[in-house]
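One structure below.
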Amino acid sequence: MKMSVNKDIVTVQAVAETSLYSENSKLRQTEAVEYFKTLLKRNNLITSKCSSSISHEAMLMGEELYSYVVDMLAEKNMIHDEELIHANEVCEVFFESVEVDSLSDEYEPEKKRQTFR
Numbered sequence: 166m167k168m169s170v171n172k173d174i175v176t177v178q179a180v181a182e183t184s185l186y187s188e189n190s191k192l193r194q195t196e197a198v199e200y201f202k203t204l205l206k207r208n209n210l211i212t213s214k215c216s217s218s219i220s221h222e223a224m225l226m227g228e229e230l231y232s233y234v235v236d237m238l239a240e241k242n243m244i245h246d247e248e249l250i251h252a253n254e255v256c257e258v259f260f261e262s263v264e265v266d267s268l269s270d271e272y273e274p275e276k277k278r279q280t281f282r
């Protein structure tokens, strides 16, 4: 008896609007999966060998992992290197102009002034 995969799994169409299907994204995602497997092996959570048939429980676990990963990828905003701000670079968007009062070092909040008088 061949087991079918859960029909409720997120499909390709659900995330088709994103750039997940570009060749660069596919390569990055493939590398991430390989690294994930390496981490699982390194921490003795999986073995290097696989059985000849996949159990129903294993399929359910795989479907759940798949759903988590697709949801994460759909929500994740892939940041490209050219969009990042260099540490020494100033981004004007995050700053607003503020007038500096010469007495700003002596500023005391109104509530604090009332407490001491």
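Heads up, the sequence shown is in our numbering, so the first residue is 166 and it goes up one at a time.
We treat Cβ as the ideally placed atom computed from N, Cα and C, and that holds for glycine.
Predicted model only: the values in this text are computed from it and were never measured.
Sequence-distant residues of its chain with Cβ nearer than 7 Å to residue i (five each side left out)
i, result
"K206", "S213"
"E275", "none"
Helix, strand or coil at residue i [DSSP, three-state]
i, result
"E273", "coil"
"T203", "helix"
"K214", "coil"
"K191", "helix"
"S220", "coil"
Residue j beta carbon less than 8 Å from that of residue i
i, j, result
"L336", "L185", "Nothing about residue 336 can be reported from this structure: the residues present for the chain run from 166 to 282 only."
8 Å Cβ cutoff, residue i in contact with chain D
i, result
"E273", "No chain D is part of this structure, which consists of one protein chain only."
Spatial neighbours of residue i in its chain, beta-carbon cut-off 8 Å, leaving aside the 5 residues before and after
i, result
"K202", "I211"
"L192", "none"
"T195", "none"
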